[in-house]
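Add 11 to the 1-based position in the first sequence for the working numbering, that's all there is to it.
Don't be surprised by glycine CBs; every beta carbon is placed ideally from N, CA and C.
Taking it in order: structure first as structure tokens, then the write-up.
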Amino acid sequence: MSEIMEMLIRRGFLWQSFEIYGGMAGFIDFAPLGNGLRRRIENLWREMFVINERAVEIDTPTIGIEEVYIASGHATSFTDVAIECRNCGRVYRADHYIKEKLGFEVDESIEAVKAVLQEFDLRCECGGEFGEPEPFNLMFSTRIGPGKGKKGYLRPETAQGIFIAFKRLAEYFRDRLPFGVAQIGRSYRNEISPRQGVIRLREFNQAELEYFVHPEHKEHPGFENYRNEVVKLLDKSGEEHEISLGRAVEEGIILNGAIAYFIARTKEFLLRAGIDEKRLRFRQHRDDERAHYASDCWDAEVLTSYGWIEVVGIADRGCYDLSRHSRFSGEDLSIFIPYREPVKVRKKLVIPDMGKLGPKFRKKSKKIADALKSLELGESESDKDRIVVEVDGEKIEVPEDCYTIQEVEVTLHGEKVIPHVIEPSFGLDRITYAVLEHSFDRDTVDGEERKVLRLKRWIAPVQVAVLPLLSRKPFTTKAMEITEMLKKSGIFTEYDDSGSIGRRYRRYDEIGTPFCVTIDHQTFEDETVTIRDRDDTSQIRVCVKDLREVLTELLSSERDIKEFGEVFRG
RNA sequence: GCGCGGGUAGUCUAGUGGUAGGACAACGGCUUUCCGAGCCGUUAGCCCGGGUUCAAAUCCCGGCCCGCGCACCA
């Protein structure tokens with residue numbers, strides 16, 4: 012176990028779930044300090060991606076009914092067909108194995124795979140025969156209600172809950188684009204082999220923003236502020252750029268301004284959370300790597316002891332999700348966008364003659380009529396002597412005498428569009444872990460090595476520790492009094508009188524507490540206490556009556572404590 | 001899922017068939033105690049299940065977990 016993991020467990024950041032029953036891979040408990048840290052990172056995210064955007068936050072169920080994931084594509088594309096060797100027990104993804112050995116694509120269905128196995132007598136590399144192909148779905152399934160119940164899945168991402176509520180959300184935003192909808196919560200993936208501590212979990216925390224934009228204006232009003240921001244980009248061909256975001260969009264490296272804007276905000280967020288800029292990069296998905304719904308996707312990756320890991324994905328999901336849910340639910344999920352000025356358009360309309368259509372096409376005539384009405388004819392098509400329409404997949408020739416063509420002038424006040432969506436999706440567990448790794452440091456104090464967690468002050472789970480120099484009255488009572496006072500002002504404060512003062516300083520250095528307040532002999536002479544800085548162990552003296560104000564200011568900034576009082580024991 | 005290695009107090013670790021030992025941490029006490037001080041005391045452990053044996057932390061089988069490699073990661 013790495014030194015940092017050892018500390019995180021011992022000090023109460025992360026614990027193995029179900030530990031007394033032997034544990035289960037892919038699940039962790041957020042212990043007191045880890046929970047505090049993650050909550051603070053969540054709040055920073057909320058501040059940056061909800062409060063300071065035209066965005067709202069919602070909370071939808073973690074269980075979804077089957078229909079949702081059939082529409083989203085997860086029920087099928089999230090399922091692999093697996094084949095297992097009867098001899099050596101090795102399991103392959105059927106489509107990959109067939110592609111590799113036989114060189115062609117196969118349908119991802121049990122039947123298709125079975126047929127291929129038989130026809131080509133495909134065998135495992137060890138020479139063994141394969142058993143029956145079996146589906147493996149990366150979603151956890153469950154039953155809702157008694158008896159056989161209704162099939163449901165635990166959500167593999169929070170996003171679908173937002174797409175499903177889109178009609179209500181669009182109305183909430185009074186049909187004005189762009190707007191964003193966020194969700195912070197748990198998602199679930201039944202990983203085949205979870206590894207690497209908290210990096211690949213079966214139950215994890217996401218913070219996702221779905222930012223809905225007009226398909227022809229994929230921009231963000233805030234992008235101007237970030238046009239000159241220089242970022243490290245690794246594009247899909249593997250080329251590295253150190254380039255301003257404005258130029259990256261102009262040169263077509265980044266597909267649009269909205270993605271670029273969120274890359275900038277993501278960078279800002281990660282740095283404020285405590286990620287080391289030198290260990291941060293943005294990497295574009297290769298064409299063969301992108302998910303089925305995305306047209307461009309950039310990952311924020313951070314360098315950890317596990318290598319470069321993805322902590323944020325920023326994808327242009329286009330209109331994929333809304334279109335799919337519209338199709339599968341039958342609901343109109345478009346937004347009506349009015350033109351500035353109404354536009355008059357000359358149109359050629361096809362008017363079906365039901366008197367002729369009816370007897371000729373019988374049951375199909377209604378659908379044929381609808382198809383005719385929805386046709387948009389160009390100039391050249393008006394003089395054709397028949398029209399071909401497609402009804403239920405069948406091409407039907409409609410003779411000239413069944414319709415008339417009328418040229419009319421219509422006034423268009425706007426158009427219906429299905430918005431596109433730009434999705435920044437954050438893995439909170441990974442970010443929390445990476446922040447811990449990047450904050451973990453050691454240095455030397457008085458010739459002795461010290462472990463110190465250099466968390467950003469506003470992120471630390473314990474912000475202030477109040478320590479009586481001596482663990483007896485009146486030091487203890489005064490310290491407890493001050494602890495209560497700080498807690499009442501909303502500062503996460505801990506009181507600790509156990510062990511020598513040096514030992515206690517080390518304890519709080521290790522968990523990243525930015526400031527220790529010490530009550531010493533002088534406190535009883537002049538009502539002052541010391542504030543000690545975690546990073547350089549320096550101390551100042553401040554009056555107890557100013558303590559709350561000084562600490563509040565220090566905790567929300569990176570100002571030097573020496574600005575706030577006289578140096579003590581310098 | 002496969003292969004290799006591992007699993008002993010909270011943490012790290014000694015222990016190759018015969019009474020489980022240490023260090024650190026934690027807790028209580030003593031010490032006018034500002035950077036892991038000292039002294040005394042206390043708490044606390046062989047991953048789980050089965051087998052072999054008079055006797056298993058130790059040997060065998062299965063499971064779970066951890067690490068590494070392969071595979072997987074919409």
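Terminal residues of the alpha helix (DSSP H) in which residue i lies
i      : result
Gln220 : A quick correction: the sequence has Leu, not Gln, at residue 220. Counting along the chain, Leu220 falls outside any alpha helix (DSSP H), though it belongs to the beta strand (DSSP E) covering 214 to 224.
Val446 : 439 to 450
Phe486 : 486 to 499
Lys229 : Here Lys229 belongs to no alpha helix (DSSP H), and DSSP marks it neither H nor E.
Arg57  : 43 to 57
Glu122 : 121 to 131
Exposed unless 16 or more other CB atoms sit within 10 angstroms - verdict on residue i
i      : result
Val224 : buried
Asp520 : buried
Ile203 : exposed
Gln10  : With the chain covering only 12 through 581, there is no way to say anything about residue 10.
Ser436 : buried
Ser83  : buried
Glu219 : buried
Val313 : buried
Gly160 : exposed
Met150 : buried
Ala554 : The question names Ala, but residue 554 is Cys in the sequence shown. Result: exposed.
Phe29  : exposed
Gln194 : buried
Asp246 : buried
His107 : exposed
Val578 : exposed
Residue i versus the options, residue with shortest Cα-Cα distance
i      : options                        : result
Arg580 : Ala445, Arg552, Tyr108, Phe503 : Arg552
Val432 : Glu53, Ser568, Val192, Asp106  : Val192
Gln171 : Asp332, Lys556, Lys462, Val477 : Asp332
Glu235 : Asp246, Leu256, Lys247, Arg441 : Leu256
Ala66  : Val124, Arg185, Met35          : Arg185
Leu423 : Lys355, Pro410, Val475         : Lys355
Ala302 : Lys289, Gly329, Arg276         : Gly329
Pro479 : Ile572, Thr541, Lys462, Asp454 : Thr541
Arg238 : Phe273, Ser500, Val61, Cys413  : Phe273
His532 : Thr487, Asp507, Phe503         : Thr487
Thr529 : Thr504, Val477, Glu536         : Val477
Arg294 : Lys358, Pro525, Gly324, Gly163 : Gly324
Straight-line gap, residue i to residue j (C-alpha atoms, nearest Å)
i      : j      : result
Ser345 : Arg179 : 12 Å
Glu95  : Lys112 : 15 Å
Tyr199 : Ala471 : 28 Å
Glu560 : Leu48  : 23 Å
Ser230 : Ile270 : This sequence places Glu at residue 230; Ser is not what is there. Approximately 8 Å between the Cα atoms of the pair.
Ala126 : Glu145 : 13 Å
Leu447 : Phe575 : 28 Å
Ser340 : Gly208 : 40 Å
Glu279 : Arg483 : 46 Å
Gly318 : Lys489 : 48 Å
Leu282 : Arg51  : 14 Å
Asp307 : Pro167 : 20 Å
Leu497 : Ser316 : 37 Å
Leu464 : Ala284 : 13 Å
Ser248 : Asn46  : 39 Å
Gly75  : Arg104 : 26 Å
Pro349 : Lys427 : 9 Å
Ala326 : Leu481 : 56 Å
Lys462 : Ser13  : 14 Å
Lys556 : Gln474 : 19 Å
Arg258 : Glu352 : 34 Å
Lys371 : Ile362 : 16 Å
Gly501 : Arg213 : 34 Å
Arg515 : Asp440 : 29 Å
Thr504 : Gly196 : 27 Å
Glu253 : Asp452 : 28 Å
Arg517 : Gly23  : 16 Å
Continuous beta strand (DSSP E) stretch holding residue i: start and end
i      : result
Arg461 : 459 to 464
Ser255 : 251 to 255
Gln295 : 291 to 295
Ile62  : No beta strand (DSSP E) holds Ile62; DSSP gives it neither H nor E.
Tyr506 : 504 to 506
Strand pairing of residue i, partner residues [DSSP]
i      : result
Asp454 : Arg461
Ile346 : Val428
Arg152 : Reading the sequence as shown, one finds Ser at residue 152 and not Arg. Answer is Tyr164.
Cys527 : Ala476, Arg543
Trp26  : Asp40
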